[in-house]
Amino acid sequence: MTTSAKRFFRRAAITGVAAALLAGLTPGLAAADNGRDRPDLRGMVEEIAASGFAGAQLRVHDARGDWTGSAGVRELGSAAKPPTNGRFRIGSNTKTFVSTVVLQLVGEGKVGLDAPVAGYLPEFGLDRRITVRMLLQHTSGLFDYTGAMLPDGTIVPGIPLSGKEFLDNRYHTYRPEELVRFGLSKPPLFAPGTDWTYTNINYVLAGLVIEKVTGRPYGDELQRRIFRPLGLRDTVVPGTWPGIPGPHAHGYYRYEEKPGQWKTVDITNQNPSWASSAGELISTTKDLHTFFSALLGGKLLPAPLLAEMRKPHPKGGYGLGLYVQEASCGTVLKGMGGFHGYGTLMAATPDGSRTYELSMTYGDSEADLGQAYNKADQLLTDKVLCGK
1 MTTSAKRFFR RAAITGVAAA LLAGLTPGLA AADNGRDRPD LRGMVEEIAA SGFAGAQLRV
61 HDARGDWTGS AGVRELGSAA KPPTNGRFRI GSNTKTFVST VVLQLVGEGK VGLDAPVAGY
121 LPEFGLDRRI TVRMLLQHTS GLFDYTGAML PDGTIVPGIP LSGKEFLDNR YHTYRPEELV
181 RFGLSKPPLF APGTDWTYTN INYVLAGLVI EKVTGRPYGD ELQRRIFRPL GLRDTVVPGT
241 WPGIPGPHAH GYYRYEEKPG QWKTVDITNQ NPSWASSAGE LISTTKDLHT FFSALLGGKL
301 LPAPLLAEMR KPHPKGGYGL GLYVQEASCG TVLKGMGGFH GYGTLMAATP DGSRTYELSM
361 TYGDSEADLG QAYNKADQLL TDKVLCGK
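Structure below.
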């Protein structure tokens, strides 16, 4: 567990009970915590929760101010709704935090954006054509330790992340170096810089670059450079700690135990080390709003590096740690993340005048949750960011 995580959990043990009592009691319905009713937004979070999720919590900032609400249930079998600012696993939104720190180091002259990663991490014998930029934009060509499809169409599995094998393995501790070496033991997907494929190994390596250059755990650097300056008191790097402290909704994992027999398991507690610096963070919609607004507002990076971050790859629409998409109202910027039991979105217009942060918890629905996730994203993009 990182130093910042230890401090966080000590504080959470004191405040968790009191905070839980303030989370609301109305079952299944959306509620705002700011005393301002927004039927349009309340309807949206209810629609999202009803599309296949156990629960959802939404935060919106627009011309009418700030609004937060939730819908669905906090825990299957319970009547209580999700807290409106509960903690959750943010998955690959972690990458935006990590990319920000790497780019800060670039701005300080400690890392070269187009320098070979092998120069910082010689112990892995990386192809010297792979640059730091390629890690941040997913163009390294490295095989992902979570599994991948090879150019000839062969599917090669990664570490156990599905089915009963994952459940039996969910408290296993992975070291970042172990994840990297697993990926490097497989053939690359393409020559560095010639294509685009989203792979977690890139950001595990980015976290290791931070540690090598600074001499400190990457989580401590996040705390020093982002969490503390922005006052992100509810964001933490859990390391190997399996729980979520304080008020939070439960996440569930549904899998086929036997042919035709499906089982739903509470997956809230799990060792997140398999995700490492590619996706392990825990946060809240409030902290994500504070972070993303500060980032896009130029408070964390100088303008030239923020501009680099916002240049999308033509194939993936991915910049350096965030998605750059074209919506009906123009360019929008997003972080998107998934983790067993949890789905997360943070999004904004380039000027930050309209934003939303959404956490969804998976339950026992038979719905296609990937499709439901994308539908929620499209709904909020159209209604909140584009004002339709």
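Going by the numbering used here, the first residue of the sequence shown is number 1, and it counts up by one from there.
Virtual Cβ for every residue (Gly too), placed ideally from N, Cα, C.
Please classify residue i as buried or exposed, where buried requires at least 16 neighbouring CB atoms within 10 angstroms.
i	result
glutamate 46	buried
glycine 231	exposed
serine 185	exposed
arginine 7	Low confidence applies to arginine 7: its pLDDT is 41, below 50, so where it sits in the model is not reliable, and the reading given next is rough at best. Arginine 7 is exposed by the Cβ-count criterion.
serine 283	buried
tyrosine 171	exposed
valine 156	exposed
asparagine 374	exposed
proline 302	exposed
serine 353	exposed
threonine 154	exposed
glutamate 165	exposed
leucine 144	According to the sequence shown, residue 144 is aspartate rather than leucine. Its Cβ being crowded by 16 or more others within 10 Å, aspartate 144 is buried.
lysine 315	exposed
leucine 385	buried
glycine 387	exposed
glutamate 280	buried
proline 122	exposed
threonine 331	exposed
glycine 363	buried
arginine 360	It is worth fixing the name first, because residue 360 is methionine in this sequence and not arginine. Looking at its Cβ environment, which holds 16 or more other Cβ atoms inside 10 Å, methionine 360 is buried.
lysine 258	exposed
glutamate 108	exposed
glutamine 57	buried
proline 82	buried
glycine 24	Residue placement at glycine 24 is flagged as unreliable, the pLDDT there being 29, under the threshold of 50; the coordinate-derived value follows with that caveat. It counts as buried.
glycine 376	The displayed chain sequence assigns alanine, not glycine, to residue 376. With 16 or more Cβ atoms within 10 Å of its Cβ, alanine 376 is classed as buried.
serine 70	buried
alanine 367	exposed
serine 390	Here the chain has residues from 1 to 388 only, and residue 390 is not among them.
leucine 305	buried
glycine 219	buried
alanine 63	exposed
glutamate 326	exposed
asparagine 200	buried
proline 217	buried
lysine 263	exposed
So residue i and residue j are in contact, right, with Cβ under 8 Å, and what is the actual spacing, rounded?
i	j	result
alanine 54	glycine 72	6 Å
valine 117	valine 132	6 Å
leucine 288	arginine 310	About 18 Å; that fails the 8 Å criterion.
serine 51	alanine 372	4 Å
methionine 134	leucine 380	Incorrect: roughly 31 Å between the Cβ atoms, too far for contact.
alanine 278	tyrosine 203	4 Å
threonine 68	asparagine 85	6 Å
leucine 322	leucine 103	With a Cβ gap of about 11 Å, leucine 322 and leucine 103 do not count as contacting.
arginine 130	threonine 146	At residue 130 the sequence reads isoleucine, which differs from the arginine that was named. Their Cβ separation, rounded to whole angstroms, is 19 Å, which puts isoleucine 130 and threonine 146 out of contact at 8 Å.
glycine 317	valine 324	6 Å
leucine 407	valine 111	In the structure as shown, the chain begins at 1 and stops at 388. Residue 407 is therefore absent and cannot be evaluated.
arginine 74	threonine 285	With 8 Å as the limit, arginine 74 and threonine 285 do not qualify as a contact, their Cβ atoms being about 15 Å apart.
valine 213	tyrosine 120	6 Å
proline 151	leucine 179	Going by Cβ atoms, the distance from proline 151 to leucine 179 rounds to 22 Å, so no, they are not a contact pair.
serine 273	threonine 235	Wrong, their Cβ atoms sit about 18 Å apart, outside the cutoff.
Which residues share a DSSP beta bridge with residue i?
i	result
glycine 338	Gly343
histidine 248	Arg87
tryptophan 262	Glu256
methionine 360	Ala56, Gly343
threonine 349	In the DSSP output, where bridge partners are listed per residue, threonine 349 has none listed.
isoleucine 282	Arg89, Val236
valine 324	Leu333
tyrosine 318	Tyr323
threonine 381	None; threonine 381 has no bridge partner.
threonine 355	His61, Ala348
Would a check of beta-carbon distances place residue i closer than 9 Å to chain E?
i	result
glutamine 223	The chain inventory of the structure shown lacks chain E, comprising one protein chain alone.
| said: So, does the segment 238-257 touch the segment 81-101, judging by three or more C-beta pairs under 8 Å? | reply: yes
| query | Do three or more CB pairs link the segment 296-308 to the segment 347-364 at distances below 8 Å? | reply | yes
| Contact between the segment 198-213 and the segment 252-259: three or more CB pairs below 8 Å? | no
| task | Could I get the ranges of all uninterrupted beta strand (DSSP E) runs contained in the segment 58-131, with 3 residues as the minimum, in chain order? | result | 65-72
| What runs of the alpha helix (DSSP H), each 4 residues or longer, lie entirely inside the segment 144-182? | 163-169
| Between the segment 187-201 and the segment 136-154, do three or more beta carbon pairs fall short of 8 Å? | Result yes; three or more Cβ-Cβ pairs closer than 8 Å.
| Is the segment 262-272 close to the segment 223-230, with three or more CB pairs under 8 Å? | no
| query | In chain order, which alpha helix (DSSP H) runs of at least 4 residues are fully inside the segment 170-243? | reply | 176-184, 201-214, 218-222
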